[in-house]
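Structure first, then comments.
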Amino acid sequence: MYPWLRESERQLTALIGDKQLGHALLLKGVEGIGKRELAAVLARALLCQHTNLTDHVTNHVTDNATDNEKGAPCGHCHSCQLIKAGHHSDLHLIDGQQRSIGVDAIRQLTQVLSESARLGHGKVAVIEQADKMTDAAANALLKTLEEPAGEATLLLTSAHPERLPPTIRSRCQQWLLPVPESGLVLRWLAEQGLEPSLAALNVNQGSPLVTRDYLAAGTDQRRRELLQQFGQLAQQPQTLASVQSGLLEQPVHLLWLQLLLQDALQLALGLSPTGLRLADSETLCRALSRRGPERLGQALAALLQLRRTLQPGAGRPVNAALQLGQWLNDWLINIK
Ligand SMILES: [Zn+2]
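Final position of the sequence shown in our numbering is 340; the numbers increase by one with none missing.
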């Protein structure tokens, strides 16, 4: 298990061991924190034949169960073996890979959950990215949450729990996985053979797995190049088109620019450079900070506005290239 999830894993499996876990659990946490992996361990713990042994036979449990944390899956029983092999008939997964989770998928799920367990150790359903449920799907699930089908446990995960109907949230036991402390994540990323930095973690909002993928894909290098190019626009106006298309490649590239300008503004206001989010771009931030707080503040406000209008679902479609081009022109005019 990821080091930042071990404590949650220990506490939640202990609840399972004590039979204190409710029939529906909502795991909340930012994208890339490991909700899927944690839900998988909990599903194994719930279905494990040793975790589920009743008290009077506990004496005969193998050493494995006693060696492990209370409630942790043994890893050896028939049930644990079936899950490892990927075909446990009492474990059901909706993986949230599709754009939305429709009512048919949920109806199918609630139907199997209402049948009795094949192996006799309860049933578990995992619904990943549960906030992708359509209104009809959420309604269909509500009935199961209101009248839990005997031995079924539902494990929901979501990075956007606020998008779930309150009626769903209130019927689940909620468990928040906090963004882990940066030092812990940086050590873990280094153990994965990557070259992490606080800046890389900050542009990915502290998410360990998103940062891992970002570093592995070489995107951090791209960020530094693009921001460097932006910083030199005044000297090299011929790169304008390339900077513009670079910033539009991915929505997150405008966030990089925003963090850079925020850092520059912080320096322009005479605040401490140790608090910079892009600490690896301090030289660049210092150069930009000479524009002064007022101009930086204006550029930043316009950029925030631009990012808002470019967000999906922000209303009427906008011409991103046109808007960003306008912003870059204003930036260049102001520079002179
Ligand atoms: Zn087991």
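Yeah, the Cβ is synthetic: ideal placement off N, Cα and C, and Gly gets one too.
**Prompt:** Among G210, L159 and R216, which residue has its Cα nearest to the Cα of G100?
**Reply:** Working through the sequence shown from its first residue, we reach residue 100 at position 96. Residue L159 is the option with its Cα nearest to G100.
**Asked** Can you tell which of L117, Q242 and C52 has the C-alpha that lies nearest to the C-alpha of Q341?
**Response** An answer regarding residue 341 cannot be provided, because it is not within the stretch 5 to 340 covered by the chain.
**Request:** Taking only the alpha-carbon atoms, compute the straight-line gap between A140 and N333 and give it to the nearest angstrom.
**Result:** Taking the first residue of the sequence shown as 1, we reach residue 140 at position 136. Taking the first residue of the sequence shown as 1, we reach residue 333 at position 329. Straight-line Cα distance between these residues: approximately 47 Å.
**Asked** Under a three-way DSSP split, which group does A194 fall into?
**Response** Numbered from its first residue, the sequence shown carries residue 194 at position 190. If DSSP states are grouped into helix, strand and coil, A194 belongs with the helices.
**Request:** Below 7 Å CB to CB, which residues in the same chain sit around A350 once its five sequence neighbours on both sides are set aside?
**Result:** Only positions 5 to 340 of the chain appear in this structure, which leaves residue 350 out of reach.
**Request:** Enumerate, from N- to C-terminal direction, the unbroken alpha helix (DSSP H) stretches of 4 or more residues contained entirely within the region 120 to 165.
**Result:** 139 to 150
**Item:** Rounded separation between Q236 and T278 - CA only
**Value:** Taking the first residue of the sequence shown as position 1, residue 236 is located at position 232. Taking the first residue of the sequence shown as position 1, residue 278 is located at position 274. Near 24 Å, if we compare the C-alpha coordinates of T278 and Q236.
**Request:** Determine contact between the region 135 to 149 and the region 177 to 190, defined as no fewer than three beta-carbon pairs at a distance below 8 Å.
**Result:** no
**Message:** Do K127 and E155 have their beta-carbon atoms positioned less than 8 Å apart in this structure?
**Reply:** As a working mapping, residue 155 is identified with position 151 in the sequence shown. As a working mapping, residue 127 is identified with position 123 in the sequence shown. Contact flag set, yes.
**Asked** Thinking C-beta only, is A204 closer than 8 Å to Y218?
**Response** As a first step, residue 218 is located in the sequence shown; it is residue number 214 there, counting from the start. As a first step, residue 204 is located in the sequence shown; it is residue number 200 there, counting from the start. Yes, the Cβ-Cβ distance between Y218 and A204 is below 8 Å.
**Prompt:** So what's I105 in DSSP terms, helix, strand or just coil?
**Reply:** Taking the first residue of the sequence shown as position 1, residue 105 is located at position 101. In the structure shown, I105 sits in a strand (DSSP, three-state: E or B).
**Prompt:** What residue range is occupied by the uninterrupted beta strand (DSSP E) comprising H257?
**Reply:** Numbered from 1 along the sequence shown, position 253 holds the residue referred to as residue 257. Not the beta strand (DSSP E): H257 falls in the alpha helix (DSSP H), residues P255 to A272.
**Nearest candidate by alpha-carbon position, reference H82, set E41, H125 and G106** = Walking along the sequence shown from the start, residue 82 turns up at place 78. It is H125 whose Cα lies nearest to the Cα of H82.
**Asked** What did DSSP end up calling I98 once you bin it into helix, strand or coil?
**Response** Here the question's residue 98 lines up with position 94 in the sequence shown. Strand.
**Request:** Run the CB neighbour count on Q270, radius 10 Å, all protein chains shown included, and call it buried at 16 or more, exposed below.
**Result:** By 1-based counting over the sequence shown, the position of residue 270 is 266. It is buried - the Cβ of Q270 has at least 16 other Cβ atoms within 10 Å.
**Message:** Can you confirm whether the region 257 to 264 touches the region 292 to 308 when touching is taken to mean that 3 or more C-beta pairs between the two stretches lie within less than 8 Å?
**Reply:** yes
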